[in-house]
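In my numbering, the protein residues as written are 811 to 884. Comments concern the structure below.
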Amino acid sequence: KARIGVRHMAKSLLSMLRGKPEVTVHDLSPSDLLRWKAAMKDNHRKIISEIGGRAGEIYQAMIAGRDKYRKDHP
Numbered sequence: 811k812a813r814i815g816v817r818h819m820a821k822s823l824l825s826m827l828r829g830k831p832e833v834t835v836h837d838l839s840p841s842d843l844l845r846w847k848a849a850m851k852d853n854h855r856k857i858i859s860e861i862g863g864r865a866g867e868i869y870q871a872m873i874a875g876r877d878k879y880r881k882d883h884p
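Here you go:
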């Protein structure tokens with residue numbers, strides 16, 4: 811249920827962004843999307859490293875919350 815809501819929200823946001831001349835939205839083909847996902851696979855590690863401080867700890871707490879939510883809301 812929650813995922814459906816998020817997907818609907820994302821669709822609405824993309825529609826709004828497409829209407830703004832200063833924003834470019836790229837619609838990827840299925841193969842381009844796979845390549846994009848592969849290129850970004852562990853990008854969060856670099857971001858956490860660049861932020862520093864407690865970023866890693868906060869990220870782990872977010873992942874734990876996400877995993878608990880997924881378990882409680884299959």
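C-beta atoms are modelled at their ideal positions from N, C-alpha and C, and glycine is treated no differently.
A straight-line Cα-Cα distance of about 30 Å links D837 and S859. Apart from sequence neighbours up to five positions away, no residue of its chain approaches P831 with a beta-carbon distance below 7 Å.
It is roughly 30 Å from the alpha-carbon of L823 to the alpha-carbon of G862.
Cα atoms of D842 and D882: separation of roughly 33 Å, rounded to the nearest angstrom. Here W846 has L838 as same chain residues with Cβ atoms under 8 Å from its own Cβ, once five neighbours each way along the sequence are excluded.
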